[in-house]
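Chemist: Below you'll find the structure I mean.
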Amino acid sequence: MSGVVDVADVIVIGAGVQGASLAFHLACRGAKVVVVERSTVAAGATGRSSGLVRMHYDLPAEALLAWASFPWFREWPERVGGDCGFVRTGFLWIEPADMADRLRANVATQQGLGIETSFVEAGEIRRLAPVLAVGDGDVAAYEPYSGYADPAATAGGFLRAARDRGARLVQGAEVTAIRVAGGAVTGVETTRGAFAAPVVVDAAGAWAARVARLVELDIPVQVWRHDTAFLGAPPEVPVPFPVVIDNGNELYFRPEGSRLVLVGLEDANEIGGSPDRDTADAASGFADQVVDRIVRRVPGLANGTFRSAHSGQDGITPDQRPILGPAGPAGFFLDCGHSGTGFKTAPAVGLGMSELILDGAATSVDLVPFALERFAAGRLLEGEHGYRAIWR
Ligand SMILES: Cc1cc2nc3c(=O)[nH]c(=O)nc-3n(C[C@H](O)[C@H](O)[C@H](O)COP(=O)(O)OP(=O)(O)OC[C@H]3O[C@@H](n4cnc5c(N)ncnc54)[C@H](O)[C@@H]3O)c2cc1C
Numbered sequence: 214m215s216g217v218v219d220v221a222d223v224i225v226i227g228a229g230v231q232g233a234s235l236a237f238h239l240a241c242r243g244a245k246v247v248v249v250e251r252s253t254v255a256a257g258a259t260g261r262s263s264g265l266v267r268m269h270y271d272l273p274a275e276a277l278l279a280w281a282s283f284p285w286f287r288e289w290p291e292r293v294g295g296d297c298g299f300v301r302t303g304f305l306w307i308e309p310a311d312m313a314d315r316l317r318a319n320v321a322t323q324q325g326l327g328i329e330t331s332f333v334e335a336g337e338i339r340r341l342a343p344v345l346a347v348g349d350g351d352v353a354a355y356e357p358y359s360g361y362a363d364p365a366a367t368a369g370g371f372l373r374a375a376r377d378r379g380a381r382l383v384q385g386a387e388v389t390a391i392r393v394a395g396g397a398v399t400g401v402e403t404t405r406g407a408f409a410a411p412v413v414v415d416a417a418g419a420w421a422a423r424v425a426r427l428v429e430l431d432i433p434v435q436v437w438r439h440d441t442a443f444l445g446a447p448p449e450v451p452v453p454f455p456v457v458i459d460n461g462n463e464l465y466f467r468p469e470g471s472r473l474v475l476v477g478l479e480d481a482n483e484i485g486g487s488p489d490r491d492t493a494d495a496a497s498g499f500a501d502q503v504v505d506r507i508v509r510r511v512p513g514l515a516n517g518t519f520r521s522a523h524s525g526q527d528g529i530t531p532d533q534r535p536i537l538g539p540a541g542p543a544g545f546f547l548d549c550g551h552s553g554t555g556f557k558t559a560p561a562v563g564l565g566m567s568e569l570i571l572d573g574a575a576t577s578v579d580l581v582p583f584a585l586e587r588f589a590a591g592r593l594l595e596g597e598h599g600y601r602a603i604w605r
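Throughout, my numbering is defined as the position within the sequence shown, counted from one, plus 213.
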């Protein structure tokens, strides 16, 4: 390969939390890794992520990715080093009465997988989170050990630990071509030179479909745009309180430090458009929508203050689950389509992908359900007791 800057075992495209986790796990196994990043670490979805760490999914395979990741957040200093900002607050997934049977079934499945979760009714929700307005029919899944973490610190921490083990991070290097010879990848061309490797991983978040097209592969990953807001909490809303996903009201929220509340909405998330759009501002009208919605569940926030709002973009797939595994030419792998929920799963996905790449199969977690082939085969992933798709 002409003009090659470096030769590696694996090139990871993208230094978000997914690429960072994969680089860490590969480096722990002694593989030589180069991470190429068009901008800076956590410049994409990761830097905007709300950082919720919870296990409740209606798909057991996805709950297991979150559950296998959880020890990494809880034991970050011993496993990775430094601080990923994990804060245990407890987590409530609240549903209205008509979803109680589904919720109960999903909690039972998760308990069967070993996940620490329980089904709770209105009185217990009120006891766990007195700041919430709770209807008598409301039910919830409660995870006492869950909470939130700092996504940029998580990605940065994984990359620091990967570099300590020999990985190379090249920032400001946009991949413009992927070289293929004899049906197999041989490396990438970037704005900072060419890198050679027999394995190339697309961990490019909202840009993943554009990167896949460099090997003439079409993947069903679109850009998903999601706004979030920070509110100042008044004295009548003591912080912290549990992280909450409130499906009936189509919102989620969590404490941020000791004075702020971070809020996101499940609806009004634009799908499509360019991954290159600026994310500095939320959509017009978003602030009013957030305030209207959250005071239904946290009435005390009517006396709060609006601080700021911005947007973020991730790649989303038709079933809102990730695409993980080989695709296209030999040596090309996908770790993308995380659909607005791929922060909490990154530690285990990176470990599983490293096993898939180095050993030919993931053994610590099951990645088979997340193969690209499911879309062509019409096997979209759905939970047996599914809720409606979370993002609209
Ligand atoms: C606002 C928001 C809130 C969220 N909240 C949560 C949450 O609470 N919990 C949760 O689990 N998940 C959440 N998510 C989802 C989660 O943050 C993402 O799924 C996750 O961060 C994706 O990580 P990634 O590494 O795949 O992508 P990214 O972080 O987007 O990283 C991809 C990287 O690839 C780089 N790149 C792209 N093209 C190229 C190229 N050609 N060459 C080189 N580099 C390239 C980009 O610059 C970028 O840095 C949220 C997402 C958003 C946007």
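Note that beta-carbon positions come from the ideal geometry of N, C-alpha and C, so glycine has one too.
#1: One question on the structure: do V401 and A407 come within less than 8 Å of each other, judged by their Cβ atoms?
#2: Could you give the uninterrupted runs of the alpha helix (DSSP H) lying entirely in the region 497-567, keeping only those of 4 residues or more?
#3: Just how far apart, CA to CA, sit G396 and V217?
#4: Rounded to a whole number of angstroms, what is the C-alpha to C-alpha distance between R405 and A310?
#5: Is the region 223-232 in contact with the region 250-261, if contact means three or more CB pairs nearer than 8 Å?
#6: Can you tell me which of the three DSSP states S331 falls into?
#7: Quick check on S331: buried or exposed, where buried means 16 or more other Cβ atoms within 10 Å of its Cβ?
#8: Cutting at 8 Å between CB atoms, please list the residues of its own chain near L514, excluding the five before and the five after it.
#9: So, G550 versus V434, is the Cβ gap smaller than 8 Å?
#10: Could you spell out where the beta strand (DSSP E) holding T253 opens and where it closes?
#11: Based on Cα-Cα distance, which residue from Y600, Q533, V578 and G596 lies nearest to F588?
#12: Could you check where the beta strand (DSSP E) with R467 kicks off and where it finishes?
#13: Please report the Cβ distance between S487 and V424, rounded to the nearest whole angstrom; I am assuming they are in contact, meaning their Cβ atoms lie under 8 Å.
#14: Which one or two residues does DSSP pair with I224 in a beta bridge?
#15: Quick one: measure Cβ to Cβ for A236 and V248, integer angstroms, because I've assumed they're closer than 8 Å.
#16: With a threshold of 7 Å (Cβ to nearest heavy atom), would S521 be considered close to ligand 1?
#17: For the structure I just gave you, are there three or more beta carbon pairs, one from the region 333-342 and one from the region 350-366, closer than 8 Å?
#18: Consult DSSP for A493 and reduce its assignment to one of helix, strand or coil.
#19: On a Cα-Cα basis, can you pick out the residue from L326, Q324, C241 and I458 that is closest to Y600?
#20: Taking the continuous beta strand (DSSP E) assigned at C438, which residues delimit it?
#21: Quick one: using the 10 Å Cβ neighbour count with 16 as the cut-off for buried, is A543 buried or exposed?
#22: State yes or no: is the C-beta of V424 nearer than 7 Å to some heavy atom of ligand 1?
#23: Say yes only if the C-beta of P364 is nearer than 7 Å to one or more non-hydrogen atoms of ligand 3, and no if none qualify.
#24: Following the continuous alpha helix (DSSP H) through F286, name the residue where it begins and the one where it ends.
#25: Which same chain residues end up closer than 7 Å to V420 when comparing Cβ atoms and leaving out the 5 residues on each side of it in sequence?
#26: Give a yes or no on contact between the region 366-377 and the region 286-306, applying the rule of three or more CB pairs nearer than 8 Å.
#27: So does D489 have its beta carbon nearer than 7 Å to some heavy atom of ligand 1?
#28: Quick check: the Cα distance between I529 and G517, rounded to an integer number of angstroms?
#29: Exposed or buried, which one is E586 when buried takes at least 16 other CB atoms within 10 Å?
#30: Sorted by chain position, which residues of the same chain lie with C-beta nearer than 7 Å to S567's C-beta, five sequence neighbours on each side aside?
#31: Straight-line CA distance for Y361 to L272?
#32: Is T554 near ligand 1 - that is, is its Cβ less than 7 Å away from at least one heavy atom of it?
#33: Could you tell me which residues DSSP pairs with D638 in its beta bridges?
#34: Can A175 and G477 be called in contact, C-beta distance under 8 Å?
#35: For G379, name the three-state secondary structure that DSSP assigns.
#36: Taking 7 Å as the cut-off, is the CB of L382 close to at least one heavy atom of ligand 1?
Modeler: Taking the coordinates as given:
#1: As a working note, residue 401 is residue 188 in the sequence shown. As a working note, residue 407 is residue 194 in the sequence shown. Yes, these two residues count as a Cβ contact at 8 Å.
#2: 499-510
#3: Along the sequence shown, one-based indexing puts residue 396 at 183. Along the sequence shown, one-based indexing puts residue 217 at 4. Roughly 20 Å between the two C-alpha positions.
#4: If you number the sequence shown from 1, residue 405 lands on position 192. If you number the sequence shown from 1, residue 310 lands on position 97. Each residue's alpha carbon lies about 56 Å from the other.
#5: yes
#6: Sequence index remark: in the sequence shown, residue 331 carries index 118 (1-based). Strand, per DSSP.
#7: Counting from one through the sequence shown, the residue named residue 331 turns up at place 118. By the neighbour-count rule (16 or more Cβ atoms within 10 Å), S331 is not buried but exposed.
#8: Sequence index remark: in the sequence shown, residue 514 carries index 301 (1-based). So the list reads L444, A446, P447, V450, V474, V504, I507 and V508, once near-sequence residues are dropped.
#9: Counting from 1 along the sequence shown, the entry for residue 550 is found at position 337. Counting from 1 along the sequence shown, the entry for residue 434 is found at position 221. Taking 8 Å as the Cβ cut-off, G550 and V434 qualify as a contacting pair.
#10: Working through the sequence shown from its first residue, we reach residue 253 at position 40. Note, T253: premise wrong, no beta strand (DSSP E); not H, not E.
#11: Stepping through the sequence shown from its first residue, residue 588 is reached at position 375. Minimum Cα distance to F588 is reached at Q533.
#12: The sequence position of residue 467 within the sequence shown is 254, counting from 1. Note, R467: beta strand (DSSP E), L464 to E469.
#13: Locating residue 487 in the sequence shown gives position 274, counting from the first residue. Locating residue 424 in the sequence shown gives position 211, counting from the first residue. In fact, because the Cβ distance is near 14 Å, the residues do not count as touching under 8 Å.
#14: As a position in the sequence shown, residue 224 is number 11, starting the count at 1. Paired residues: V247 and V413.
#15: For the purposes of this step, residue 236 is taken as residue 23 along the sequence shown, with counting starting at 1. For the purposes of this step, residue 248 is taken as residue 35 along the sequence shown, with counting starting at 1. Correct: roughly 5 Å between the Cβ atoms.
#16: Taking the first residue of the sequence shown as 1, we reach residue 521 at position 308. False, no ligand heavy atom lies under 7 Å from that Cβ.
#17: yes
#18: For this step, residue 493 is matched to residue 280 along the sequence shown. Coil at A493, not helix or strand.
#19: Within the sequence shown, residue 600 is the residue found at index 387, counting from 1. Out of L326, Q324, C241 and I458, I458 has the C-alpha closest to the C-alpha of Y600.
#20: Here residue 438 refers to the residue found at position 225 of the sequence shown. According to the sequence provided, residue 438 is Arg. The question's Cys does not apply to it. Counting along the chain, the beta strand (DSSP E) containing R438 begins and ends at Q435 to G445.
#21: To locate residue 543, count along the sequence shown from 1; it is residue 330. With fewer than 16 Cβ atoms within 10 Å of its Cβ, A543 is classed as exposed.
#22: Working through the sequence shown from its first residue, we reach residue 424 at position 211. Under cutoff, so the answer is yes.
#23: Here the bound small molecules are ligand 1; ligand 3 is not part of this structure.
#24: Taking the sequence shown and counting its residues from 1, one reaches residue 286 at position 73. Taken as a continuous stretch (DSSP letters only), the alpha helix (DSSP H) holding F286 covers P273 to R287.
#25: Position 207 of the sequence shown, counted from the start, is the residue given in the question as residue 420. One point to set straight first is that residue 420 is Trp, not Val, in the sequence displayed. These residues qualify, in order along the chain: P488.
#26: yes
#27: Mapped onto the sequence shown, residue 489 falls at position 276. No, the Cβ of D489 stays beyond 7 Å of every heavy atom of ligand 1.
#28: Here residue 529 refers to the residue found at position 316 when the sequence shown is read from its first residue. Here residue 517 refers to the residue found at position 304 when the sequence shown is read from its first residue. One C-alpha to the other measures close to 33 Å.
#29: In the sequence shown, residue 586 corresponds to position 373, counting from 1. Burial call: exposed.
#30: Indexing the sequence shown from 1 puts residue 567 at position 354. L235, H238, L239 and R242, listed in sequence order.
#31: Taking the first residue of the sequence shown as position 1, residue 361 is located at position 148. Taking the first residue of the sequence shown as position 1, residue 272 is located at position 59. If you take the alpha carbons of Y361 and L272, they lie about 21 Å apart.
#32: Position 341 of the sequence shown holds residue 554. Yes, ligand 1 has a heavy atom inside 7 Å of this Cβ.
#33: Look at the range of the chain in this structure, 214 to 605, and you will see that residue 638 is not part of it.
#34: For the chain, the structure presents residues 214 to 605; residue 175 sits outside this window and is missing.
#35: Along the sequence shown, one-based indexing puts residue 379 at 166. Coil.
#36: Your numbering for residue 382 matches position 169 in the sequence shown. Not so, every heavy atom of ligand 1 lies at least 7 Å from the Cβ.
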